[in-house]
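Engineer:
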Amino acid sequence: MQLPVQSQSTLYAEAWEADAGPADLVEIARTADRSGFDYIASCDHVAIPRRLASAMSTVWYDPVATLAFLAGVTERIRLLSHVAVVGLRHPLLTAKQYATLDHLSGGRLILGVGAGHVQEEFEVLGVDFERRGAVLDECVDALRAALGPDEFPTHHGKLYDFEGLGQRPRPAQERVPVWVGGSSPAAVRRAAVKGDGWLPQGDPRERLPEQIARVRRLREEAGVVEPLTVGAITEPLYVGEPEWSVGRRTLAGAPEALAESLRAYRAMGVHQIQVRFRSRSRTELTDQMAAFGAEVAPLL
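When we follow this note's numbering, the leftmost residue of the sequence shown carries the number -13, and every step to the right adds one.
Following this line, the structure appears as structure tokens:
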């Protein structure tokens, strides 16, 4: 699941998150760890322009700092950047940060990457916004090298060129999974050709089968034989019968009813689902997470 609190866009943040902080994130992460969740995720924005602040808010925790903080208070749950806008930074800087995170967490990192969409962020950091897709493509290649087994990684590209520069600690994993986020044609192609996983963004259920078929076709055409982890973001969930208005899009009800609905994702070819829960407080959220882990997840 995507962590609350660390990003507070008006599209999904609950009212209680405005006053929440580190202690709430710790309890949520520990609940996810205990309840059998596969990963917790954190977003990436450097700075939000005034023109977008009313909708996006300016609350966006740094993903490396957030995931590292939570790695220290959890034991087994994986740590996903969903998504890191890696084109904003030199690949060696990104590799240093995320390799250290993987090393300190005992190999729990999943590096989710995306092209980004806020033009002002690119401009203030001196990165070409119009070429962000090409930048991301090369960043993925450079990060593959920089997060690989070699202490002195090598990459010679159009934008980045390095060799003979050592970085330790190395990641604990032999191969850090790179999941590509986004649902545009370019993002789907990037996931198919370069990714270990695909994180669709905003695709409704009815569109997923067509998108998944396209990813598979492009991957086969590119001759990539490694398996691809296909993800999906579910509708908002509420385990049980809510006593308050959770919104018409929310899936609510008994565990078996929720499980029956969510099993449709597996039938489409989805391997992992990112869930979200409606809540009025941190306690209600962690209660929902625990109920899902105990009563719904076993039925999937």
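We put the CB at the ideal spot given by N, CA and C, even for glycine.
1. Helix, strand or coil: how does DSSP classify His89 here?
2. Taking only runs that begin and end inside the stretch 41 to 97, name each unbroken alpha helix (DSSP H) of 4 or more residues, in chain order.
3. Under 8 Å by Cβ, that's how I've got Met275 and Ser21 pegged, so tell me the actual separation to the nearest angstrom.
4. Measure the alpha-carbon distance for Ile140 versus Val211 and round it to whole angstroms.
5. In whole angstroms, what separates the C-alpha of Glu3 from that of Glu270?
6. By the three-class DSSP mapping on this structure, what secondary structure does Tyr(-2) have?
7. On the DSSP letters alone, give me the boundaries of the alpha helix (DSSP H) that Tyr251 sits inside.
8. Taking the DSSP output, what are the residues bridged to Asp147?
9. What are the boundary residues of the beta strand (DSSP E) that includes Ile26?
10. If you run the structure through DSSP and keep just helix, strand and coil, what is Ile219?
11. Taking Val126 as the reference, give the member of Leu74, Arg94, Glu137, Gly92 with the closest Cα.
12. Less than 7 Å between C-beta atoms, sequence neighbours within five positions excluded: which residues of the same chain meet that for Leu249?
13. Starting from the N-terminal side, write out each stretch of the beta strand (DSSP E) that is 3 residues or longer and does not extend beyond the stretch 164 to 224.
14. For the 8 Å Cβ check, are there 3 or more pairs between the stretch 100 to 113 and the stretch 74 to 91?
15. Going by C-alpha to C-alpha distance, which of Gly134, Val225, Val113, Gly255 sits closest to Ala245?
16. Taking only the alpha-carbon atoms, compute the straight-line gap between Arg62 and Gln(-8) and give it to the nearest angstrom.
17. Would you check if the distance between the CB atom of Glu0 and the CB atom of Ser265 is smaller than 8 Å?
18. Check each candidate in Met(-13), Gly217, Pro186 and name the one with the smallest Cα separation from Phe23.
19. Could you tell me the alpha carbon to alpha carbon distance between Gln260 and Gly102, rounded to whole angstroms?
20. Please work out which residues of its chain come closer than 6 Å, Cβ to Cβ, to Glu149, disregarding the five sequence neighbours upstream and downstream, and give them in chain order.
21. Mind the definition here: the stretch 160 to 167 touches the stretch 87 to 102 only if three or more C-beta pairs lie below 8 Å; say whether that holds.
22. In angstroms with no decimal places, state the Cα-to-Cα distance between Ser169 and Asp189.
23. What is the residue span of the beta strand (DSSP E) that Phe115 lies within?
24. Measure the CB-CB distance between Lys144 and Val166 and report whether it falls below 8 Å.
25. So, using beta-carbon positions, are Ala288 and Asp30 closer together than 8 Å?
Structural biologist: Based on what the coordinates show:
1. helix
2. 49 to 57, 77 to 90
3. 5 Å
4. With the sequence shown as reference, residue 140 is identified as Thr, and Ile is not the correct amino acid for it. Cα to Cα, Thr140 sits roughly 24 Å from Val211.
5. 12 Å
6. coil
7. 241 to 254
8. His142
9. 25 to 28
10. strand
11. Leu74
12. According to the sequence shown, residue 249 is Arg rather than Leu. Excluding residues within five positions, the ones whose Cβ falls inside 7 Å are Leu286.
13. 164 to 167, 183 to 185
14. yes
15. Val225
16. 20 Å
17. yes
18. Met(-13)
19. 20 Å
20. Thr140
21. yes
22. 7 Å
23. Looking at the DSSP string, Phe115 is not in any beta strand (DSSP E), and its letter there is neither H nor E.
24. no
25. A query on residue 288 cannot be resolved here, the shown segment of the chain reaching from -13 to 286 and no further.
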